[in-house]
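Peer 1: What follows is a structure written as structure tokens; I'll ask about it next.
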């Protein structure tokens, strides 16, 4: 019998992959794909919702770790460079973990709010973006009357769309290139330059 740790990791991987399918995944289906009894799986995950939440949390942890690792290497007094590093981290995470990207994209707002862990990871990234843009605004890189919360929401929505089109292959097709990841990075860098432009003295 596999250890609980092995079952946990393998079940999350399978659940993450299955979420992109039309039918809602279940512990029974995950157990079947694992080649184990559902009873063994329910010793680790009490029900379908618990397994799905674990898969969502795993995706957010991977994203959070990638973002933090990338940003801490950058000068904390350079919000423009930090924001570029954050966008690079996001698009590289989506490229490296497309299934995790898809499962987070399917996350309803109600589920995020209902789960303390999911909300905590999501809010930490949101707060990081807010801090960067407020710092940029203080340095005159963003118009003083700009709505920072709206900018963060717009940036997150834009980055999600770019990542989705990168994974589908459309961004490479539109830009007539084979380098999807590079094209996605360039699109996000362009967005950052457009929102962070030094204001005239």
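In UniProt numbering, the protein residues as written are 1 to 201.
For glycine and all other residues, C-beta sits at the position ideal for the given N, C-alpha and C.
With 16 as the cutoff for other CB atoms within 10 Å, does residue 85 come out buried or exposed?
Peer 2: So residue 85 ends up on the buried side.
Peer 1: Does the beta-carbon of residue 137 have 16 or more other beta-carbons within 10 angstroms, so that it is buried, or is it exposed?
Peer 2: Buried, by the Cβ-count rule.
Peer 1: Around the C-beta of residue 89, are 16 or more other C-beta atoms found within 10 angstroms, so that it is buried, or is it exposed?
Peer 2: Buried is the call here.
Peer 1: The alpha helix (DSSP H) with residue 94 in it runs from where to where?
Peer 2: Run containing residue 94: 79-96, per the alpha helix (DSSP H) assignment.
Peer 1: Just the C-alpha distance for residue 8 and residue 76, rounded to the nearest angstrom, thanks.
Peer 2: When rounded, the distance between both Cα atoms is 37 Å.
Peer 1: Given this structure, state the Cα-to-Cα distance separating residue 188 from residue 92, to the nearest angstrom.
Peer 2: For residue 188 and residue 92, the distance between alpha carbons rounds to 12 Å.
Peer 1: Given a threshold of 16 other Cβ atoms within 10 Å of its Cβ, counted over all protein chains shown, does residue 66 qualify as buried or as exposed?
Peer 2: Residue 66 should be labelled buried.
Peer 1: Is residue 73 helix, strand or coil by DSSP?
Peer 2: Coil.
Peer 1: With a threshold of 6 Å on Cβ separation, who are the neighbours of residue 63 within its own chain once the five nearest residues in sequence on each side are excluded?
Peer 2: Within the same chain, residue 63 has close Cβ partners 93.
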